[in-house]
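Residue numbers (the numbering used here): 5 to 306.
From the three backbone atoms N, C-alpha and C, an ideal C-beta is built for every residue, glycine too.
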């Protein structure tokens, strides 16, 4: 068994460059065609041997992060320990940098980060396929947080196929407060009532544009079926999207279930200009710039 005292894993945020949503399934989930792109905003999850399972968190909006066993990082430790018949006693510290409840998979990232960190700390060498199974048990976005890069997620988003992606520059506008993903899906269902919803499919044009690295081509194909629901619940996000467009963003969209909004820009210089304009507009709390694709969960130090 491992004698490591602590392990730190860095894990990225994501943006959905396409999120196609099917009708509600009998189990309450929705079939998705979810094109994920990991971006260079990271949480760092450090696990240390301890007498009991505890979670601490520091960073922006850390007060909004649950510190009990509902936290996906704690659940990851529980499930991994149970699979191997060992104690889950570990201290998990999350250095939070991904917006909380912002549609960028921050909680999912922490789950994937804790899973990889505990596996290393405990010297388990769990096969990658088993780690991905645990990720899928934790949540629909968690497998991608482990894998990173760019991928098409089908099923409820947990079945991943890697896709090619050039490098793209982004600005993210962080809103006040979060949005509940289940609430956004419920609003999607309400807005879709009485309509026929086609089976979700990845856009061939979007996949081609993503592989090309051409931001103008990708801008023409970005799509998020949850955006109308997010805007219905948080109408003020429309002003943020408009401010980004006015500042010169090539394309705008709500990131995942929101309320973080994403702005695709041409290059790093454009990113700084759009970020400054968004902050000056007063339509968001703060902004972040990033590039993608970024690597998935990675052990930094042990």
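{"query": "beta-carbon residue 113 near the ligand NAD non-hydrogen atom, thresh 6 angstroms", "result": "As for the ligand NAD, it is missing from this structure, which has no ligand bound."}
{"query": "Residue 5 versus residue 71: straight-line alpha-carbon distance, rounded", "result": "Confidence at residue 5 is low in this model, with a pLDDT of 44, below 50, so its placement is unreliable and no value can be given for it."}
{"query": "Residue closest to residue 211, alpha-carbon to alpha-carbon, out of 291, 168, 248, 234", "result": "168"}
{"query": "Reduced DSSP category for residue 89 - H, G, I as helix; E, B as strand; rest coil", "result": "coil"}
{"query": "Status (buried if at least 16 other CB within 10 Å, exposed otherwise) for residue 244", "result": "buried"}
{"query": "Check whether residue 156 and residue 39 have beta carbons under 7 angstroms apart", "result": "yes"}
{"query": "As assigned by DSSP and simplified to three states, the class of residue 132", "result": "helix"}
{"query": "Alpha-carbon to alpha-carbon, residue 164 and residue 137", "result": "12 angstroms"}
{"query": "Extent of the continuous beta strand (DSSP E) to which residue 151 belongs", "result": "From DSSP, residue 151 is part of no beta strand (DSSP E) but of the alpha helix (DSSP H) over 146-151."}
{"query": "Span of the alpha helix (DSSP H), counted from its first residue to its last, around residue 232", "result": "231-237"}
{"query": "C-beta atoms of residue 293 and residue 283 nearer than 7 angstroms", "result": "no"}
{"query": "Where residue 110 sits in the DSSP three-state scheme", "result": "helix"}
{"query": "Where residue 5 sits in the DSSP three-state scheme", "result": "Because the pLDDT of residue 5 is 44, which lies under 50, any placement of that residue in the model is unreliable, and the number read from its coordinates should be weighed accordingly. Residue state, collapsed to three classes: coil."}
{"query": "Among 231, 103, 275, 266, nearest to residue 65 - alpha-carbon criterion", "result": "103"}
{"query": "Option nearest residue 115 by Cα separation, candidates 256, 14, 213", "result": "14"}
{"query": "DSSP-derived helix/strand/coil call for residue 250", "result": "helix"}
{"query": "Inside the stretch 180-247 only - alpha helix (DSSP H) runs reaching at least 4 residues", "result": "185-196, 208-216, 219-223, 231-237"}
{"query": "CA nearest to the CA of residue 53, picked from 92, 180, 86, 178", "result": "92"}
{"query": "Beta-ladder partner(s) of residue 20, from DSSP", "result": "40"}
{"query": "Beta-carbon proximity of residue 20 to residue 217, cut-off 7 angstroms", "result": "no"}
{"query": "Inter-residue Cα distance where the pair is residue 8 and residue 123", "result": "11 angstroms"}
{"query": "7 angstroms CB neighbourhood of residue 31 in its chain, flanking five on each side removed", "result": "none"}
{"query": "Terminal residues of the alpha helix (DSSP H) in which residue 57 lies", "result": "Element bounds for residue 57: n/a, residue is neither H nor E."}
{"query": "Assigned exposure category for residue 133 - 16 Cβ within 10 Å defines buried", "result": "exposed"}
{"query": "Boundaries (first-last residue) of the alpha helix (DSSP H) holding residue 175", "result": "Not the alpha helix (DSSP H): residue 175 falls in the beta strand (DSSP E), residues 172-178."}
{"query": "Straight-line Cα distance separating residue 79 from residue 162", "result": "17 angstroms"}
{"query": "In DSSP terms, what residue 166 is bridged to", "result": "155"}
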